[in-house]
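What follows is a set of notes on a single structure, which appears directly below.
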Amino acid sequence: MAGRECYHCKQWVEEGEAHNCWTTTESALTQDLSEDLRDAWERLRDTAAAFGEQRIYASHNSIMFSRKSCYFFVRPKKSFLEVCVFLGRTVKSPQVRRVDRASTSKVVHVIQVRHRDEVEAPITDWLQEAYDHSGAAARAGATAGVTKKTKTARKRAKSKGKSSKRR
180 MAGRECYHCK QWVEEGEAHN CWTTTESALT QDLSEDLRDA WERLRDTAAA FGEQRIYASH
240 NSIMFSRKSC YFFVRPKKSF LEVCVFLGRT VKSPQVRRVD RASTSKVVHV IQVRHRDEVE
300 APITDWLQEA YDHSGAAARA GATAGVTKKT KTARKRAKSK GKSSKRR
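Per the numbering used here, numbering of the sequence shown is gapless, rising by one per residue and ending at 346.
What follows is the structure in structure tokens.
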């Protein structure tokens with residue numbers, strides 16, 4: 180039997196068989212979780228889904244939650260769920276393990292969740308804030324384009340007025 184071992188996932192792939200280990204699903208990422216972690220995952224997902232319209236999808240080793248852009252994601256690990264929340268400010272709290280600047284307007288907060296009971300305030304408040312911030316950032320980006328065009332149009336009109344005065 181001819182075939183190969185995938186260098187990435189170490190799975191044996193028969194010759195001619197289609198293989199894409201980058202394509203994954205929520206259930207594939209959560210299938211090996213302990214009962215406590217599965218309960219915590221379900222509570223996290225249900226809490227976030229209740230916020231409103233969004234896209235929830237698996238990407239490589241993470242489960243992403245996004246509106247126009249990702250506002251938080253979960254990386255299932257063996258002994259905890261790594262929850263990365265994008266906020267517009269820095270939060271100092273015992274639950275937050277690490278804080279990094281993700282962009283000029285976003286700060287990512289890394290939180291480890293080990294049990295269903297941990298998925299409550301303030302973590303759920305931060306998720307709601309991230310959801311709201313992602314919607315506000317998307318609206319600000321849309322209006323920024325309009326403002327930019329208006330300023331450009333004003334500059335053109337102003338420069339046309341100057342050039343016509345010179346003649």
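Here a beta-carbon is modelled for each residue, glycine too, at the ideal position from N, C-alpha and C.
Per DSSP, cross-strand counterpart(s) of residue i
i: Y250; result: According to DSSP, which records beta bridges pairwise, Y250 is partnered with nothing at all.
i: G314; result: Looking at the DSSP assignment, G314 forms no beta bridge with any residue, so it has no partner.
i: E308; result: None, per the DSSP bridge assignment.
i: R293; result: Its beta-bridge partners do not exist; DSSP assigns none.
i: E184; result: W191
i: R280; result: V286
i: V275; result: I290
i: K298; result: First, the residue type needs correcting, since residue 298 is Val and not Lys in the sequence shown. BP columns for V298 are empty, so no partner.
i: V264; result: F251, H288
Within 8 Å, strictly: CB atoms of residue i and residue j
i: E308; j: L260; result: no
i: Y236; j: S313; result: no
i: R222; j: R293; result: no
i: H288; j: V298; result: no
i: P255; j: T209; result: yes
i: E214; j: I242; result: no
i: V286; j: T269; result: yes
Euclidean distance between Cα positions of residue i and residue j
i: A228; j: Q291; result: 20 Å
i: A219; j: L212; result: 10 Å
i: R246; j: V264; result: 13 Å
i: A197; j: K189; result: 15 Å
i: G195; j: C185; result: 13 Å
i: F178; j: V192; result: Given that the chain is displayed from residue 180 to residue 346, the structure contains no residue 178 and the question cannot be resolved.
i: T226; j: A181; result: 47 Å
i: S248; j: S238; result: 14 Å
i: R183; j: P301; result: 48 Å
i: K271; j: A281; result: 16 Å
i: S258; j: N240; result: 15 Å
i: R217; j: S284; result: 32 Å
Practice task
Would you mind listing the alpha helix (DSSP H) stretches within the stretch 188-261 that are 4+ residues and don't spill past its ends, in chain order?
Solution key: 205-209, 214-228
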